[in-house]
Structure formats: C-alpha cells, structure tokens
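Notes follow once the structure below has been shown.
Number of protein chains: 2
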Amino acid sequence: MTAFYETYPRFLVSVDCIIFGFAEGKLKLLIQERPYEPEKGMLSLIGGFVKNDESVDTAAQRVLTQFTGLKDLYMRQLRAFGEVERDKGERVISVAYYALINVGDYNSNQSDSHGAYWTEINELPELCFDHNQMVKEALKELQKSVFEKEICNNLLPEFFTLSKLQTLHEAILGLPVDKRNFRRSILDRNYIIKTDKIDKTSSRRGASLYKFKD
Amino acid sequence: MTAFYETYPRFLVSVDCIIFGFAEGKLKLLIQERPYEPEKGMLSLIGGFVKNDESVDTAAQRVLTQFTGLKDLYMRQLRAFGEVERDKGERVISVAYYALINVGDYNSNQSDSHGAYWTEINELPELCFDHNQMVKEALKELQKSVFEKEICNNLLPEFFTLSKLQTLHEAILGLPVDKRNFRRSILDRNYIIKTDKIDKTSSRRGASLYKFKD
DNA sequence: TCAAAAGTGTTAAGTTTACACCCATGA
DNA sequence: TCATGGGTGTAAACTTAACACTTTTGA
Numbered sequence: 059m060t061a062f063y064e065t066y067p068r069f070l071v072s073v074d075c076i077i078f079g080f081a082e083g084k085l086k087l088l089i090q091e092r093p094y095e096p097e098k099g100m101l102s103l104i105g106g107f108v109k110n111d112e113s114v115d116t117a118a119q120r121v122l123t124q125f126t127g128l129k130d131l132y133m134r135q136l137r138a139f140g141e142v143e144r145d146k147g148e149r150v151i152s153v154a155y156y157a158l159i160n161v162g163d164y165n166s167n168q169s170d171s172h173g174a175y176w177t178e179i180n181e182l183p184e185l186c187f188d189h190n191q192m193v194k195e196a197l198k199e200l201q202k203s204v205f206e207k208e209i210c211n212n213l214l215p216e217f218f219t220l221s222k223l224q225t226l227h228e229a230i231l232g233l234p235v236d237k238r239n240f241r242r243s244i245l246d247r248n249y250i251i252k253t254d255k256i257d258k259t260s261s262r263r264g265a266s267l268y269k270f271k272d
Numbered sequence: 059m060t061a062f063y064e065t066y067p068r069f070l071v072s073v074d075c076i077i078f079g080f081a082e083g084k085l086k087l088l089i090q091e092r093p094y095e096p097e098k099g100m101l102s103l104i105g106g107f108v109k110n111d112e113s114v115d116t117a118a119q120r121v122l123t124q125f126t127g128l129k130d131l132y133m134r135q136l137r138a139f140g141e142v143e144r145d146k147g148e149r150v151i152s153v154a155y156y157a158l159i160n161v162g163d164y165n166s167n168q169s170d171s172h173g174a175y176w177t178e179i180n181e182l183p184e185l186c187f188d189h190n191q192m193v194k195e196a197l198k199e200l201q202k203s204v205f206e207k208e209i210c211n212n213l214l215p216e217f218f219t220l221s222k223l224q225t226l227h228e229a230i231l232g233l234p235v236d237k238r239n240f241r242r243s244i245l246d247r248n249y250i251i252k253t254d255k256i257d258k259t260s261s262r263r264g265a266s267l268y269k270f271k272d
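Protein chains in written order, with our numbering: chain R, 59 to 272; chain D, 59 to 272.
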C-alpha cells in the first residue's frame with residue numbers, strides 16, 4: 059500500500075456483457091430485467107461488479123458463467139464507459155465486453171440463467187443507462203470482424219452448412235450476401251473444411267456439413 | 059446512493075496516455091520518469107488518477123493538458139487494463155488513451171511539461187507495469203487508422219508538404235511507401251488541398267504546402 | 001553544373017462484384 | 001412431377017502494386 063495513492067478516490071467498477079447469439083436465422087442479444095435499484099425492472103445487459111481478487115476480464119468471465127452456465131465463453135473487450143452520470147444510482151465505471159455464444163449450448167444450460175432471455179438485435183428495446191450505445195458499438199466491432207475465424211466459430215455449432223454460415227454473416231452485417239461470392243470467399247480463407255456429413259433437415263437434397271479447422 | 063451497490067469493492071482508476079508526436083521524420087512518444095513509488099524513477103507513460111467529479115475521458119484530457127500545456131488534444135480510448143497485479147503498488151484499473159500532438163505546438167508550451175520528454179517509438183525503453191503493452195496496442199490502432207483524416211491532421215502543423223505527410227505515414231507504418239501511389243491515394247481521398255504557399259526549407263526547388271480541409 | 005528533393009502515368013496483378021442455371025430429393 | 005434449397009463459373013469493374021525519369025533551383 060503506497061501512501062501517495064491514498065489521496066485519490068475509488069470507484070465501483072462494473073462489467074457489462076453484450077452477449078450475441080444466433081438462432082432462427084437472426085442475430086440475438088441476451089438481456090435481463092435489472093434485478094435491483096436504480097431502474098429496477100428496466101431492461102439491461104448482463105452485468106456485475108468487479109471484485110477485489112479478480113481481473114476485469116475474469117469478472118466478465120464470471121458474470122458470463124453465472125448467467126449462461128457456460129465456461130470460457132469467447133469474449134473481447136469493447137472499451138470502458140466512464141461518464142460521471144452514466145449510472146443513475148451512483149458513480150460506476152463500466153468495462154463493456156461482447157461475448158459470443160452457441161445458442162445450442164446455451165439452451166442445455168438455461169436453468170442457470172438468472173431470468174435472462176434473447177431478443178432480436180433488430181428489435182432491441184430501450185435498455186437502461188448507456189447500454190444501447192454499448193450494443194451499437196459492439197455490433198460495429200462484430201461486423202468489422204465477421205470474417206475472423208473466431209467470430210462465426212463461436213456462434214455456430216460444431217457442424218454447420220454453408221447456407222447457415224451465410225445467413226449468420228447476413229444477420230451480423232444486416233445485409234444480403236451473394237451466395238456464389240460468399241462461398242468462394244469463405245472457402246478461400248481456408249479455415250473451414252467440408253466433412254462427409256450431410257444435413258437433411260433443411261432441404262430435401264441435403265447440404266454438406268462443414269466445420270472450423272482445429 | 060443505493061444500498062445494493064454498497065457491498066461491492068471500489069478501485070483506484072487511472073488514465074494512461076500514449077502521446078504520439080512526429081518530429082525529425084520519426085514517430086515519437088512522450089514519456090516521463092515516474093515521480094512516485096512504486097517504481098519511482100522508472101520510465102512510464104503520462105498518467106494520473108480519475109477524480110470524483112470528472113468522466114474518465116475528462117480525466118485523460120486533464121492529464122494531457124497538465125503535461126503538455128495544450129487543451130483539447132485529439133485522443134481516442136484504447137481500452138481498459140484490469141489485471142489484478144498490473145500496478146506494483148496496489149490494485150489500479152487503468153483506462154489507456156492514445157493522443158496525437160503537433161510537436162510544434164508542444165514545443166512552445168514545454169514549460170508546462172512535468173519533466174516529460176520524447177523518445178523514438180523504435181527505440182522505446184522498458185516502461186513500468188504494462189505500459190509497453192499499451193504502446194504496442196496503441197501503435198497498432200494508429201496504423202489501422204493512418205488514412206483517417208483526424209490522424210495525420212493532428213500530428214502535423216497546419217501546412218505541410220506531401221513529402222512530410224508521406225514520411226509521417228512511413229513512420230507510423232514502419233514501412234517505406236511508394237511515392238507515386240501514395241500521392242494518388244491521398245489526393246483521391248479528397249481531404250487535403252494544395253495551398254499557394256511553397257516550402258523552400260527542405261529543397262532548392264521548393265514544394266507545395268498542403269492543408270487539411272475545414 | 002550538379003546535387004537534392006519535387007513532381008508526374010502507365011501497366012499488370014489482384015480483388016471484388018454482378019449475375020443465372022442445373023441438381024438432387026422427398027412429398 | 002414439382003417445389004425447395006444446394007451447388008456451381010465467368011466476365012467486367014475496380015483497386016492495388018510495381019516501376020523511372022524529368023524538373024527546378026541554390027550552392
């Protein structure tokens with residue numbers, strides 16, 4: 059403990075998680091009703107406070123596990139939000155993270171979720187504080203990195219068709235994508251491979267299942 | 059003040075500023091000797107602690123002004139650094155910002171600087187804590203955005219030659235750049251314009267001075 | 001007159017976009 | 001047999017990269 063530091067104020071630090079999922083061909087966001095004042099009952103991102111013995115990243119992972127029942131979710135830090143009045147209760151500095159979840163894994167662990175539920179990203183209700191702004195910025199980051207291996211890999215199940223992957227890209231970008239160009243582009247990147255499995259659930263003909271390498 | 063929040067710990071929150079400048083054809087970084095324990099005398103980024111009545115962004119601006127004498131420096135948040143042991147003194151969560159400075163403006167305000175000085179980015183000494191990591195990440199962001207109007211605009215004086223601008227790009231990217239391609243590319247972007255001024259200081263022939271639009 | 005930096009175009013390679021039809025299957 | 005989603009190639013437009021010589025002028 060260093061005397062010099064003593065003269066400075068201390069702050070509550072929270073983590074807020076923008077949890078993206080992909081289901082029914084749409085990009086989804088996991089939200090909840092705020093369980094405590096202020097703005098109790100208002101919709102909010104999944105969040106919590108940083109504890110003494112954990113890094114901010116670890117706090118985000120802990121919160122993610124608490125709310126989804128899943129460990130080691132893929133996440134990236136967005137940035138810190140530090141306006142004085144951002145939290146209506148008292149001064150809280152928040153570090154926002156976005157996380158990606160395979161909704162299939164989530165559904166089998168739902169019981170652990172603290173009343174959280176999925177909303178469509180395009181029909182996002184008003185959230186408390188600056189949470190809508192966080193979502194907006196996180197979505198922009200997601201769009202920038204849609205072709206990075208880790209992104210779609212963590213939103214899809216192990217095996218998926220090219221059509222599913224294309225639909226996911228379209229859901230993230232909010233734009234239609236050309237089928238032939240998309241297939242060429244994704245295969246050229248060389249991080250997914252065709253398996254010998256066939257998915258017959260979404261067409262009579264059946265579609266090859268692919269998976270991410272490694 | 060909400061009772062619920064009371065149960066959570068509070069943290070010192072600092073801002074650390076990666077201050078880039080451009081002089082003698084090189085990209086520079088403003089650093090200082092740490093004026094207090096722990097690691098007093100070790101080299102460090104320019105930083106300070108967030109106060110109660112200011113946002114984290116405002117804290118960064120305050121620190122920038124304290125150390126450079128300049129107001130409203132252009133800055134962007136990098137991200138929060140929140141490892142438990144990152145500060146050897148006690149737990150401090152830091153929000154890193156990178157800022158851009160026209161070294162000409164700085165030199166006329168030097169008197170205000172608290173013993174800070176410029177180092178070349180390529181000859182960066184070891185800094186305390188995780189500051190080298192912060193610089194590395196900030197430089198990567200700077201490289202990504204080198205063609206955004208605000209970047210070079212804030213590192214150069216009002217009037218500059220295309221050669222100076224090219225040298226700045228090269229200094230940021232750490233790579234040589236093709237002269238003809240560079241000139242076409244920058245002029246096509248349409249955010250700089252030729253003035254009728256001529257700079258005769260760096261060649262016998264003289265070079266046209268340009269400036270950023272608006 | 002010459003050294004030193006300023007200024008200037010073209011071609012090839014690579015990337016991105018636009019676009020339409022046949023295939024396999026189960027109902 | 002037909003409706004449905006799966007699968008496939010090519011040409012044009014655009015962008016990026018490679019590359020060398022002439023101009024101006026002060027010392």
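Every residue, glycine too, gets a C-beta built ideally from N, C-alpha and C.
These numbers were taken from a predicted model, which means no experiment stands behind them.
- Taking R/Val193 as reference, the option from R/Leu214, R/Leu245, R/Ile104 and R/Thr253 with the minimal CA-CA separation is R/Ile104.
- Exclusion of the five residues before and after R/Tyr268 leaves Phe217, Phe218, Thr219, Leu220, Leu223, Ile250, Ile251, Lys252 and Thr253 as the residues of its chain whose Cβ lies within less than 8 Å of its Cβ.
- Within the same chain, and ignoring the five residues on either side of R/Lys98 in sequence, the residues whose Cβ sits closer than 6 Å to its Cβ are Arg92.
- Restricting attention to alpha helix (DSSP H) runs no shorter than 4 residues, the segment 67-126 of chain D encloses them at 114-126, ordered along the chain.
- Taking a contact as a CB-CB distance under 8 Å, the pair D/Leu85 and D/Ile179 counts as one, their CB atoms being some 4 Å apart.
- Contact between R/Cys186 and R/Ser102 holds, with the beta-carbon distance rounding to 5 Å and staying under 8 Å.
- Between R/Gln201 and chain D, the shortest Cβ-Cβ separation is not below 8 Å.
- Listed by position along chain R, the residues whose Cβ is nearer than 9 Å to that of D/Lys109 are Tyr66 and Pro67.
- Here R/Thr65 is exposed: its Cβ has fewer than 16 other Cβ atoms, across all protein chains shown, within 10 Å.
- Under the Cβ criterion of 8 Å, D/Val193 is not counted among the residues facing chain R.
- Chain-order list of chain R residues neighbouring D/Ser113: Gly140, Glu141 and Val142, by C-beta distance under 8 Å.
- Distance between R/Phe78 and D/Asn167, taken at the CA atoms: about 48 Å.
- With a cutoff of 8 Å on beta-carbon distance, D/Val153 and R/Glu112 are scored as not near each other.
- When Cβ-Cβ separations below 8 Å define contact, R/Gly105 makes no contact with chain D.
- Taking C-alpha positions only, D/Leu245 is separated from R/Val108 by approximately 48 Å.
- Excluding residues up to 5 positions away in sequence, Thr225 and Ala229 lie with their Cβ nearer than 8 Å to the Cβ of R/Gly83 in the same chain.
- If you check the CB distance, D/Thr177 and D/Leu87 come in under 8 Å.
- Leaving aside the five residues that flank R/Gln201 on each side, the residues in its chain whose CB is nearer than 7 Å to its CB run, in chain order, Ile230 and Leu231.
- When the beta-carbon positions are compared, R/Ala117 and R/Gly106 come within less than 8 Å of each other.
- Put simply, the CB of D/Gly147 is near chain R, with a gap under 8 Å to one of its CB atoms.
- For D/Val121, not one C-beta of chain R is nearer than 8 Å to its own C-beta.
- One finds Tyr63, Tyr66, Pro67, Arg68 and Phe69 in chain D with Cβ atoms closer than 9 Å to the Cβ of R/Leu70, taken in chain order.
- Taking a C-beta cut-off of 7 Å against chain R, the contacting residues of the segment 85-97 of chain D are Tyr94, Glu95 and Pro96, listed in chain order.
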